[in-house]
Structure formats: structure tokens, C-alpha cells
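*Asks:* Residue numbers for the sequence shown follow my numbering, beginning at -2 and rising by one. Every residue gets a Cβ at the ideal spot worked out from N, C-alpha and C, and that includes glycine. One structure is given below, represented as C-alpha cells, and several questions about it will come after.
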Amino acid sequence: MGFIIMVVPANRTSGAGPMRVRQGAHVARKSTLLAAAATVLLLTRSADAQHFNQFLAFGDSTTDTGWFANASTGVTGAPLNIDQLVTNAKAQGGNVHFTGPGPGNAQILAGFFGLSANPANTPGGTNYAIGGALSDSGLGLFFENLFTLIGGPNPFLPGTTNQIGNYLTSVGGRANPNAIYLIGTGGNDASIASTQPDPNKFLLQEAGALVTGIAGLQAGGARYIVVTNEYVPPSADATAIANGKTFLSATWNGLAAAGVRFIPADTLSVIAAVERNPLAFGITAPITSNACIAPPSYTAAIGASGYGFLCAPTTVPSPNYGYLVSADATQTHLFMDGTHLTQAGQIIVADYIYSLIVAPSQISFLAEAPVKSRAAVVNAIINQIPISQQDMRPGSYNTWLTGDVSYLKMQNYTGFPSDPGNPVALTAGFDYKYTHEWLIGAALSGGSTSQRFSTSGSFSTDEFAVSIYGAYRNGAWWGDIIGSAGALHHTVNRSVPIGISIQPNNGKTTGTNYSVGLEAGYDFMFAGLKHGPLAGILLQRINIGSFTESGSFTSLAFGDQLRNSAVSELGYQVSYDFGLWRPFAKVVWNHELAPTDRLVTAYLTTTAAPGYAMPAVIFGNDWGSATAGATIRMANNVTGLVAGYAQIAEKNVTVYGAQIGLNIAFDAAPADTLPVKAPRQR
């Protein structure tokens, strides 16, 4: 049973540094729960990608999802037969969760990623947590008061460290690197520490054993480990709270010192926020009231807390099992039994931990969107260069303008949702024909995109860039080079559904994008037809500054991001000159040469804790790009441009858009007798 773990400063302050379905579906899910409180399948968000493939949990009753439904508690005789009470509750439809009727936070959290967290003592089960467990592998008891009933530590209860060891043994010491590991423990250690000869020494030993166990889990290959602190229930006393501070400090600091990479989850701050404003989360009953009535025999022997696993989903009174005070008690109450959260509370905790896991990946989109928007700017310049080169003599110049609007959808891993946006950009250029072979120019670009998060909320990016470019033509050979430097301004509204509430998280940051694009090819020409192969590369270096969100207990701080991109292209293009208009098309195959397996670091803002890093979203390394359009001679010196483009077959990315432009030529060179070369259009 996890009574309390208080939070204390760790080795880094929160100011350092740095998906769920849409809001409507989220609210609908909550309404379904209020009406039915059915199965965890109703809580599973849709998922269709590839990242996490297993969910494992270790700890005490705050994480237990029904261990004693298939195992003896070890308490079977007078004056209290808990095993018989468990049997009675099961017969009434109870699930023997310490959290009472309904799924626990481990099951809900696993469901968000399309996974399960059933007890490990059931076929295929992956939740090793057991109610009453301590953190050290060598200790375990059901409840503090049961010492006198069972005569010592309960042999049926491996502690959290031993649970981890049992898992590693079952997999030959090789932990699943693509699993989520949830560890919730320490409340029982804090609760019974005062019964030990040296409470402080006992807590440090327990924390040390836990650190060793988690370090072993990481050494075995685990990469995504969530370590929670634990909320303070109404039944907690000052001594237990102080013990919880000692335990958590030793655990989180010990993990950091041991080089263990973990996600610190401050559930204490979450439940404290709910207790301050319960109505915002649908909690209408007094915080100190319980959703369940305990069997009298349990209350007489143990006390009036910790009996949620004996609660059946019924309001029919009986001395043989626990029962709900009302049909909707699991939604209107926060605590089931004075210690454990109701289903409403379990959802709140799961929502919070989920937000911690997916937030870094969501914020990684701030560096991904500019990769696509800069490619569109470069494409706009490339489409204008052939227009400026036609019929130009040395000393002449052109001005041009291109507007660009597109659809951009960047998808994410299973359970890491994202929604599309519509980038827009405007680019104005000026170029000068330096010689018959060389064209030089400069351009200014401004663009904006707003990408929505499926969890609700969004981020917007404004980019302003200056580009210089040169184009070379000599016979059938040609080449272009474009260098750009841009400033990025990001506004983030990362809304997080917590229970039935939506928590706002607002932040702003800036960044830069420097790029160089090269493209070259050879043209075969026959009358007005021109066609030939081309090759190129677009190099980008994107920096996103650190920033800190504000607005709620789900706010985070994020570290700097660096995104390097090197996209090569190999393809073919064709155009035909009909005189007044020239249709053209280009098809290329792109390949990302730069590594994309970067990490994004986040920090809690509710408490001092080590930062944690999660992978940024990763898209496909290969895709096709197609452009088709036409230029139209509107006057002797005015040419219009229309073009459409699309990316083809890039994993988790959809891009298509259109450009419309205007190019005006000015012949500033004096008349001469030099022959004007035929235009070399692309």
C-alpha cells in the first residue's frame, strides 16, 4: 500500500533548461466513464504507429492491478480472513484492485499506447506491483498492523526491488528496450519506518536498494522508466510525511548519481491541485470522505483505510465485502478508502504521467516544422530562377514575388498524436544578370504555420528569412546555389487533459534556421522540349531555444534543441516552351542523410527534480517529391507562375501545396550588338 511520498529538491532545479485523442473525444471518454465505468478498453486511445510495444509496472498498491485476485494475501485465519473477503468481493464483480472498482492508473496509462498492464501472475500479465510491498527486495508486509496477525513479514510479498529482479530473471536479464516501465513505491516504507529502531537508516537502506534495482533494470536495457512520488492521502500523519521526504530525496538523488535516466512524476503536486479545486475535476464529495464502506471485520482488525481491493461495484450493503456509498461514487469521490484513489483519481494520475511521456516528442515538432517550411522557400526560389534567366542580357534585372500555401501533417508514434496545419509563406526576390552565364540574387521570406496537438492546444511558428542565390548556365549544363538564414519565433499552447479538465501550458521561444541548397543538372534539348537529370542537396541547421511553460501543474521546461538535416535529391525534369506559356514538371527521390535520433529534454516546474529526455519524433528517411506547373507570359516583361507540389511516401509525413508568383523583368543594360542566347529554361 502506497501511503505517501513527499517531494524534495533533487540535483537540478525545475527552472533549468530545458497523445491523446482530441479534447472532444477526451470529454466523451469521461462521460462514458461517468455512465458506465466499464473496462480499460474504453480508455484506450487510438494508435497506429510503432514506438512502445510493452508496459511493465513494479511497486505497491498504488500501482497494483489485482495481484491478490490470483494469490493468497497470507492472511487467512482469525481474527481476519482477508482471502475470504477477497473471494466475496470477486463474487460481487470486484476486481481486487486496491483502487477499487474500475481500472488502475497503470492499466489506463498502458491503454493510451494500445498496451495492457494486467497482473504478472496472470497469463501474459506485465504488472509485478503488489499491494503492501516495500521497496527492498528482502522485506514485505501487507499492512503495518498485520505484523501481529501474521507474525512478521509476509512471504507472499516480494518487494519492489525483488519484483524487478523477478522480471529480469524471466527475460534472461535482457529488459525490453521499447517498453514503458512504471515504478510506484515508497509509501509503505515511509509508513512503517517509525516502527524500526533507526527510521532514517531504514529509509536510506530501502531507497538504496530501490536505486540498485532500477539501475539494474536500466543496465538490462530499459530506456523509458517512470518513477513516481506518491500523493498524500487524508490518513497520512506528519511522521509519515517526513519519512516520505527522506525516502524520495534519497531515491531520486541516488538515481541521478547512479546515472539512471528516468522520468520523475510529481503526482503529489497533481493530487494537491485536485484537492485545492475538486469541482474542476468533477469531485463533488468532500475530500475526506470515502467512496467505499469497508467490511466491519476489516475495520476492527486493521482500521478504516486501505481496503479498496475488497470493494465490489455495488451499493448493496453487506458485512462480507466492501460496497460503494453511491452508484457514481468512483467519479464523485477522490479517495476510495482513505488511502487509495478512486477511478476518477486514477484517470487523473494516468493522464498526468502520459503528458510527461509525450510532451518532449510534441515539443520536438518545433524543430521539425521549419525543415519543411524552409524546403518550400528554396523551392519557390528555384521555380523563379528560370523565369529570370529567359531573354536576359548582362546588366538586366528582375523582381519577383511568390506566395505559398500548403498542408502539412506530421504524425507520431503510437499514443503520441499530432494534428495537421497549413503553412503559408510569401517570398520576394531581386536578381541581376551578371554575365551570360551567371545570375545572382537575393530574397526575403516571411511565413507562418500553426500545428495542432491532438491533446488540444497547438504551437505556431513565424519565420523570417533572407536568402542569397546564384545560378549558372552554360550550354546544357546548369547549377543553382541558395543560402538562407532565418529567425524563428514559436508560441506554444500545449493543453493537457487531466481528468475532465484541460490544463493550459503556455510558452514562447525563439530559434534560427541556416541552410544551403545546391542543385545541378544537364538538359537535353529538342526544339521547345527540354528534359534531363538533376541532383542536389539541402543542408539545414535548426536551433530552438530553451523555454519554460506556465499555467498549471502540468507545465514543463524544455532544453535547447538542435536539428540537423541533409536531404539529397536525385531526379528528372522536363519542360516545353510553347511561347507564351511553358509547362514544367520535376520528380525527385529524396533521402535524409543526417541522423534523426535526437532527444528532447524536459524538466518539472512543480518541484526540483532531474531532467529527463525522450526521443524526438522520427520520420521516414526516404520519400519522393513532385512539382508540376507552368509559367505564363502575361506581357513582354511580366511572367506569371503557378505550381503545385507534393511529397510522396515519406513515413508519417504528408505535404502538398501550391505556389503562385509574378516575375517582372527590367532591361537596364544598354543596347549592344551581342547576340542574345536562346533561353535555357527548366
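1. On the criterion of 16 or more Cβ atoms from any shown chain inside 10 Å, does F139 qualify as buried, or is it exposed?
2. Just verifying my parser: in three-state terms, what is the DSSP assignment at V5?
3. Which partner residues does Y642 have in the DSSP bridge list?
4. Taking 6 Å as the limit between beta carbons, can you name the residues of its chain near N173, skipping five residues before and five after?
5. Apply the 10 Å Cβ neighbour rule to G525 and answer buried if 16 or more other Cβ atoms are within range, or exposed otherwise.
6. Just to check my reading of the structure: I534 and L515 have Cβ atoms closer than 8 Å, yes? What is that Cβ distance to the nearest angstrom?
7. Return the CA-CA distance between S316 and T296, expressed in angstroms with no decimal places.
8. Closer than 8 Å, CB to CB, is T507 near chain C or not?
9. CA-CA distance, A440 and G654?
10. Between L30 and the rest of its own chain, which residues show a CB-CB distance below 6 Å, the 5 nearest in sequence each way excluded?
11. Counting C-beta neighbours from all protein chains within 10 Å, is the total for D234 16 or more, i.e. buried, or is it exposed?
12. Using DSSP with H/G/I as helix, E/B as strand and the rest coil, what is T264?
13. Of all the alpha helix (DSSP H) runs that stay within the bounds of the segment 248 to 308, which reach a length of 4 or more residues?
14. May I have the straight-line CA-CA distance separating T424 from L601, to the nearest angstrom?
15. Among S442, T458, Y404, G472, whose alpha-carbon lies nearest the alpha-carbon of A482?
16. Can you tell which of N226, S572, L131, L590 has the C-alpha that lies nearest to the C-alpha of Q202?
17. Using the Cβ count rule (16 or more neighbours within 10 Å means buried), how would you classify R371?
18. Assign E589 to one of three DSSP states: helix, strand, or coil.
19. Ends of the alpha helix (DSSP H) at S370?
20. For Y125, count the other beta carbons within 10 Å of its own beta carbon; 16 or more makes it buried, fewer makes it exposed. Which is it?
21. So, at 8 Å on beta carbons, what are the nonlocal neighbours of Q343 in its own chain, with the 5 sequence-adjacent residues on each side left out?
22. How many angstroms separate the CA atom of E460 from the CA atom of W435?
23. Output needed for Y511: all residues of its chain with C-beta closer than 6 Å, excluding positions within five of it in sequence on either side, in chain order.
24. If you drop the 5 nearest sequence neighbours on each side, which residues of the same chain put their C-beta closer than 8 Å to that of N419?
25. Shortest alpha-carbon distance to R491 belongs to which of S455, I497, I478?
26. DSSP beta-bridge partners for Q175?
27. Is it a yes or a no for the segment 305 to 312 touching the segment 82 to 93, going by three-plus beta-carbon pairs under 8 Å?
28. Buried or exposed for L207, going by 16 or more other Cβ atoms inside 10 Å?
29. Just reading off the beta strand (DSSP E) that T432 is part of, what are its end residues?
30. List the endpoints of the continuous beta strand (DSSP E) containing G210.
31. Would you tell me roughly how many angstroms separate the C-alpha atoms of F616 and P293, rounded to the nearest one?
32. What residue range is occupied by the uninterrupted alpha helix (DSSP H) comprising G83?
33. Among N78, D61, I211, M522, whose alpha-carbon lies nearest the alpha-carbon of A117?
34. Quick one: complete beta strand (DSSP E) runs, 3+ long, within the segment 451 to 527?
35. Taking DSSP as the reference, what is the three-state secondary structure of D401?
36. What does V223 pair with, by DSSP beta-bridge criteria?
*Replies:* Short version:
1. Confidence is the limiting factor: at F139 the pLDDT is only 43, short of 50, which leaves the residue's position unreliable and the question unanswerable from this model.
2. The pLDDT assigned to V5 is 30, lower than 50, so where the model puts this residue is not dependable; a value taken from the coordinates is nonetheless given after this. Residue state, collapsed to three classes: coil.
3. Bridge partners of Y642: T624, G654.
4. Cβ within range, chain order: Q51.
5. In this structure G525 is exposed. Its beta-carbon is surrounded by fewer than 16 other beta-carbon atoms within 10 angstroms.
6. At roughly 5 Å, the Cβ-Cβ gap stays under 8 Å, so I534 and L515 are in contact.
7. First, the residue type needs correcting, since residue 316 is Pro and not Ser in the sequence shown. P316 and T296 have their alpha carbons spaced roughly 11 Å apart.
8. Within the model displayed, chain C is absent; a lone protein chain is all it includes.
9. Those two C-alpha atoms are separated by around 20 Å.
10. Confidence at L30 is low in this model, with a pLDDT of 36, below 50, so the placement of that residue should be treated as unreliable; the coordinate-derived value is given next. In the same chain as L30, and ignoring 5 residues on each side of it, no C-beta atom comes closer than 6 Å to its own.
11. Exposed, since its Cβ has fewer than 16 Cβ neighbours within 10 Å.
12. Look at T264 here: in three-state DSSP terms it is helix.
13. 264 to 273, 293 to 298, all fully within the segment 248 to 308.
14. Straight-line Cα distance between these residues: approximately 40 Å.
15. The option with the nearest alpha carbon to A482 is S442.
16. Looking at the Cα atoms, L131 is the closest of the given residues.
17. Label assigned to R371: buried.
18. Strand, per DSSP.
19. According to the DSSP assignment, S370 belongs to the alpha helix (DSSP H) that extends over 340 to 386.
20. Classification for Y125: buried.
21. If we look at Q343 and ignore the five residues flanking it on each side, its Cβ neighbours are T96, G99, P100, G101, N102, I105.
22. So the alpha carbons of these two residues sit roughly 29 Å apart.
23. Within the same chain, and ignoring the five residues on either side of Y511 in sequence, the residues whose Cβ sits closer than 6 Å to its Cβ are A482, R538.
24. By the criterion of a C-beta distance shorter than 8 Å, N419 is surrounded in its chain by V402, S403, Y404, L405, T446, S447, once the five residues flanking it on both sides are discounted.
25. Ranking S455, I497, I478 by Cα distance to R491 puts S455 first.
26. What sits at residue 175 in the sequence shown is Asn, not Gln. DSSP lists no partner for N175.
27. Between the segment 305 to 312 and the segment 82 to 93 there are three or more C-beta pairs closer than 8 Å, enough to call the two in contact.
28. In the assembly as shown, L207 is a buried residue. Its beta-carbon has 16 or more other beta-carbons within 10 Å.
29. Neither: T432 is in no beta strand (DSSP E) and is coded neither H nor E.
30. Boundaries for G210: no beta strand (DSSP E) harbours it, while the alpha helix (DSSP H) harbouring it runs 196 to 216, taken from the DSSP string.
31. Whole-angstrom Cα-Cα distance: 58 Å.
32. The residue asked about is misnamed: residue 83 is Val in this sequence, not Gly. That run of the alpha helix (DSSP H) goes 79 to 88.
33. Selected option, being the one with the closest Cα: D61.
34. The segment 451 to 527 contains these whole beta strand (DSSP E) runs: 455 to 471, 474 to 490, 493 to 495, 498 to 500, 503 to 519, 521 to 523.
35. If DSSP states are grouped into helix, strand and coil, D401 belongs with the strands.
36. Paired residue(s): L179, I260.
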